[in-house]
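Here is the structure we will look at, set down as structure tokens.
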Amino acid sequence: MTASRNKILNSIKEHQPDLTELPVIDIGKVIGYADTFEQFRNVLESIGGKVVSLPDWDALQQLVNEEKQQENFIINAVPELGEITPEVHNLTAVQLEKLEKIYVKGTLGVAENGAVWVYESHLLNRLTAFICQHLVLIINKKDIVGTLHQAYEKIEVNKEGFGLFIADPSKTADIEQSLVIGAHGSRSTTVYVIE
Amino acid sequence: MNPKHADLAEQFIADGSRTNWHDDTLWFVREKRDKAAHGLPEWEQLREWASQIKNHTLSNLSNYLEQFEEHAKANGIIVHWAADGDEHNQIVHGIIKRHNIRKIVKSKSMLTEECHLNEYLSHQGIEVVDTDLGERIVQFRKEPPSHIVLPAIHLTKKQVSETFHEHLNTEKGNNDPQYLTEAARQHLRDKFIESDLAITGVNFAIAETGGFVVCTNEGNADMGAHTANVHIASMGFEKIIPKAEHLSVFLRLLARSATGQPITTYSSHFHKPRPNQEMHIVIVDNGRSRQLGRADFRNSLKCIRCAACFNTCPVYRRSGGHSYHTAVAGPIGSILNPNLDMKANADLPFASTLCGSCTNVCPVKIDIHEQLWKWRQVIVSEGLVSTGKKAGMKGMAFVFSNPKLYRLAGRMARWTMKIFPFIVSNKLNVWYNQREMPEVPKQSFREWYLENKKK
Numbered sequence: 631m632t633a634s635r636n637k638i639l640n641s642i643k644e645h646q647p648d649l650t651e652l653p654v655i656d657i658g659k660v661i662g663y664a665d666t667f668e669q670f671r672n673v674l675e676s677i678g679g680k681v682v683s684l685p686d687w688d689a690l691q692q693l694v695n696e697e698k699q700q701e702n703f704i705i706n707a708v709p710e711l712g713e714i715t716p717e718v719h720n721l722t723a724v725q726l727e728k729l730e731k732i733y734v735k736g737t738l739g740v741a742e743n744g745a746v747w748v749y750e751s752h753l754l755n756r757l758t759a760f761i762c763q764h765l766v767l768i769i770n771k772k773d774i775v776g777t778l779h780q781a782y783e784k785i786e787v788n789k790e791g792f793g794l795f796i797a798d799p800s801k802t803a804d805i806e807q808s809l810v811i812g813a814h815g816s817r818s819t820t821v822y823v824i825e
Numbered sequence: 009m010n011p012k013h014a015d016l017a018e019q020f021i022a023d024g025s026r027t028n029w030h031d032d033t034l035w036f037v038r039e040k041r042d043k044a045a046h047g048l049p050e051w052e053q054l055r056e057w058a059s060q061i062k063n064h065t066l067s068n069l070s071n072y073l074e075q076f077e078e079h080a081k082a083n084g085i086i087v088h089w090a091a092d093g094d095e096h097n098q099i100v101h102g103i104i105k106r107h108n109i110r111k112i113v114k115s116k117s118m119l120t121e122e123c124h125l126n127e128y129l130s131h132q133g134i135e136v137v138d139t140d141l142g143e144r145i146v147q148f149r150k151e152p153p154s155h156i157v158l159p160a161i162h163l164t165k166k167q168v169s170e171t172f173h174e175h176l177n178t179e180k181g182n183n184d185p186q187y188l189t190e191a192a193r194q195h196l197r198d199k200f201i202e203s204d205l206a207i208t209g210v211n212f213a214i215a216e217t218g219g220f221v222v223c224t225n226e227g228n229a230d231m232g233a234h235t236a237n238v239h240i241a242s243m244g245f246e247k248i249i250p251k252a253e254h255l256s257v258f259l260r261l262l263a264r265s266a267t268g269q270p271i272t273t274y275s276s277h278f279h280k281p282r283p284n285q286e287m288h289i290v291i292v293d294n295g296r297s298r299q300l301g302r303a304d305f306r307n308s309l310k311c312i313r314c315a316a317c318f319n320t321c322p323v324y325r326r327s328g329g330h331s332y333h334t335a336v337a338g339p340i341g342s343i344l345n346p347n348l349d350m351k352a353n354a355d356l357p358f359a360s361t362l363c364g365s366c367t368n369v370c371p372v373k374i375d376i377h378e379q380l381w382k383w384r385q386v387i388v389s390e391g392l393v394s395t396g397k398k399a400g401m402k403g404m405a406f407v408f409s410n411p412k413l414y415r416l417a418g419r420m421a422r423w424t425m426k427i428f429p430f431i432v433s434n435k436l437n438v439w440y441n442q443r444e445m446p447e448v449p450k451q452s453f454r455e456w457y458l459e460n461k462k463k
């Protein structure tokens, strides 16, 4: 294996062309949006997500409390919404398979594509965002940036072991290009935007 | 000899209405790409940045790969190097064997198609379940994918329904995509939950941080990777990018170019294994370093596998992916595959009109149609074209380089085609297979010009 490593690297060294410069990515040249929230909402809704604007956390807290009374398996991963569901990091796929809904705090939203960045620690368990039937993401309105360029300036991709951009529910068009929502991941995504 | 593009395409187009459906469907995807691209005033700037980042990366590739390895190891990822497809397969099999694993899921990875991993593992008695819906469909049918982004685009929903009826016991005759997708969701959820090992591809590997990004719409790569105790990510070494900030450029281009979406549903950034999980990366060469040394063809290694060149290609749209008889079809495949096996893939650079549309839509500015033309020259000089084509080309070159002879031949051809059309329009002249004879002009342009010059 070391032999292959050296063989490959030597072959690359021998064959790679003369060094060229990296371009300077001037964010001043990219699109800007007058109202990032409006843009975020329009894009996300056009691709199957749902966006709800809320003045504060009250209505959501109530919703979570009501849902917790029901029989469905709900996980709350957002401290602002009350007690965080314990021991989620230890749950296996078999246990999480019954997960109906999870509430997750997003770090930021991206206006150009409706994506929300989520760190692993906010998911409690890497699998939750995918295995749940319904995903609820919550972001602050002030944390919606214009494009991915600004987003990558704010996040730290290797701060934790895993993180991701999520945009809209899972989908596929693999059968005759007919769009079907709910492929393997969540069947719906709702993003609550707190003023 | 293996069947060639023209023969396989002939089989595909035997069904005229299906050919038209295929053509229209892919053109629809191309139009969605246009709409997404036109929504960003900086689109051309983005392509230029992407192209320059990739050019730079290729020019400093050995350093970036070493950097990536160092950082990935520090993150707790086990890094392997494979000189070719066989070594890649052996490494993967070795990991499976060491853990004594039977249940394996795999998300889309064109590299594992290129290395024929599934075939290799099945010879070792190991079954791999492909989890991308399109890939699962073609796996049931024992077919290769026909498109790198839309693997089952060559099939109708009726065919999918029949396949699912046979393998998943779905209702016979129910062709509803929603129903069929739901059946696959339930079937594959069981596979995910049972799986001990997940294999994924890699869209981008970041030298600066030692992590990698996997993009899917279905969530299948993540369902596998976050369930299994062992995750193997396979990547061609050209997937490296220098820094995390460069992801902004590539993720903005990738899904818009591929399907017209602003971004894929999930863009997952992996840096460390979960507690008690084992994470492996296999970095594969398999002819890539040879391609890097071919100045005319090296920038094919900039490809980010969006398939925009497939969707726009008039030949791909009307001949289907299977006619390219390789893991990566379409225009980009036709410039990558001759490097892997020039003789077996000598037909592919000729499966093009050289219209240049592929080059125009490529998000990383690969000069695809120019490389197709250059491969033709390499292939002809290596003597890898058929005797008929060779003789024809030589004959034409001789005629075109002798103006008097050319004029004589033109007059003769016009006369022959008028009086004895069957002499050119017959079975021996493949050019006329699907074409009508044009009306023969009375005179050549030169004759007309000489006659009218004085007027």
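One line per chain: the protein sequences are A and B, in this order.
Heads up, the first sequence is in the working numbering, so the first residue is 631 and it goes up one at a time.
Heads up, the second sequence is in the working numbering, so the first residue is 9 and it goes up one at a time.
C-beta atoms are modelled at their ideal positions from N, C-alpha and C, and glycine is treated no differently.
Excluding the 5 residues preceding and the 5 following residue i in the sequence, name in chain order all residues of the same chain whose CB lies nearer than 6 Å to its CB.
i	result
B:Q269	A263
B:R466	Since the displayed chain B opens at 9 and closes at 463, residue 466 of chain B lies outside it and no answer follows.
B:S276	V222, D230
B:K382	D304
B:P357	S342, L380, W383, R384
B:A17	S327, S331
A:G815	F760, S800
B:L196	T139
With 16 as the cutoff for other CB atoms within 10 Å, does residue i come out buried or exposed?
i	result
A:I714	exposed
B:Y128	buried
B:Y274	buried
B:N345	buried
B:P283	exposed
A:Q780	buried
A:A626	Since the first residue of chain A shown is 631 and the last is 825, residue 626 of chain A is not available in this structure.
B:P429	exposed
B:G403	exposed
B:F453	exposed
B:V336	buried
B:P411	exposed
A:Q646	buried
A:Q699	exposed
B:H107	exposed
A:P709	exposed
Measure how close the beta-carbons of residue i and residue j come, nearest whole angstrom, since I'm counting them as under 8 Å.
i	j	result
B:S242	B:K111	About 18 Å separates the two Cβ atoms, so there is no contact after all.
A:T777	A:I796	That belief does not hold up - the Cβ atoms of A:T777 and A:I796 are roughly 17 Å apart, past 8 Å.
A:N702	A:K731	7 Å
B:N211	B:K247	7 Å
A:A759	A:F670	The pair is not a contact, with the Cβ atoms about 19 Å apart (cut-off 8 Å).
A:A707	A:K735	7 Å
What residues in its chain sit with their C-beta under 7 Å from that of residue i, if we drop five residues either side in the sequence?
i	result
B:V257	L54, W57, A58, I61
B:I376	C317, P339, I340, I343, C366, T367, C370
B:V393	A354, I387
B:R313	M118, I156
With distances taken between CB atoms, is the gap from residue i to residue j smaller than 8 Å?
i	j	result
B:A475	A:Y782	With chain B covering only 9 through 463, there is no way to say anything about residue 475 of chain B.
B:V432	B:A417	no
B:N68	A:L649	yes
B:I85	B:P250	no
B:H279	B:I103	no
B:T208	B:G227	no
B:T178	B:F200	no
B:L141	B:S169	no
B:V290	B:I109	no
A:D798	A:G739	no
B:R325	B:W35	yes
B:L48	A:I642	no
B:G219	B:N319	no
Can residue i be considered in contact with the ligand FAD, in the sense that its beta carbon sits closer than 7 Å to one or more heavy atoms?
i	result
B:I112	Annotation note on the ligand FAD: not contained in the displayed structure, which lists no ligands.
In chain order, what residues of the same chain lie with their CB nearer than 8 Å to the CB of residue i, ignoring the 5 residues before and after it?
i	result
A:K771	F667, S683, V823, I824, E825
A:V810	K801, T802, A803
Exercise for review: Scan the stretch 677–702 of chain A and note each continuous beta strand (DSSP E) run of 3 residues or more that stays entirely inside, going in chain order.
Suggested key: Counting only runs of 3 or more, we get 680–684.
Check your understanding: In chain order, which continuous runs of the beta strand (DSSP E) of length 3 or greater are located wholly inside the stretch 750–810 of chain A?
Key -> Runs of the beta strand (DSSP E) lying entirely within the stretch 750–810 of chain A and spanning at least 3 residues, in chain order: 764–770, 792–796.
**Study point:** Minimum length 4: unbroken alpha helix (DSSP H) runs contained in the stretch 243–328 of chain B
**Key:** With a minimum length of 4 residues, the continuous alpha helix (DSSP H) runs that stay inside the stretch 243–328 of chain B are 254–266, 296–300, 316–320, 322–327.
Review point. Mind pulling the alpha helix (DSSP H) runs of 4 or more residues that sit fully within the stretch 103–182 of chain B?
Key: Taking only runs of at least 4 residues, the alpha helix (DSSP H) segments lying wholly in the stretch 103–182 of chain B are 118–122, 125–131, 141–148, 165–176.
**Study point:** Length at least 4, wholly inside the stretch 381–457 of chain B: the alpha helix (DSSP H) runs in chain order
**Key:** Listed in chain order, the complete alpha helix (DSSP H) runs (minimum 4 residues) inside the stretch 381–457 of chain B are 395–408, 411–427.
Practice item. Let me know the beta strand (DSSP E) ranges lying completely inside the stretch 49–74 of chain B, each 3 residues or longer, listed in chain order. Key: Scanning the stretch 49–74 of chain B for uninterrupted beta strand (DSSP E) segments of 3 residues or longer gives nothing; none is fully contained.
Exercise for review: Output the residue ranges of the beta strand (DSSP E) runs that lie fully inside the stretch 708–738 of chain A and measure 3 residues or longer, sorted by chain position.
Suggested key: Runs found: 729–735.
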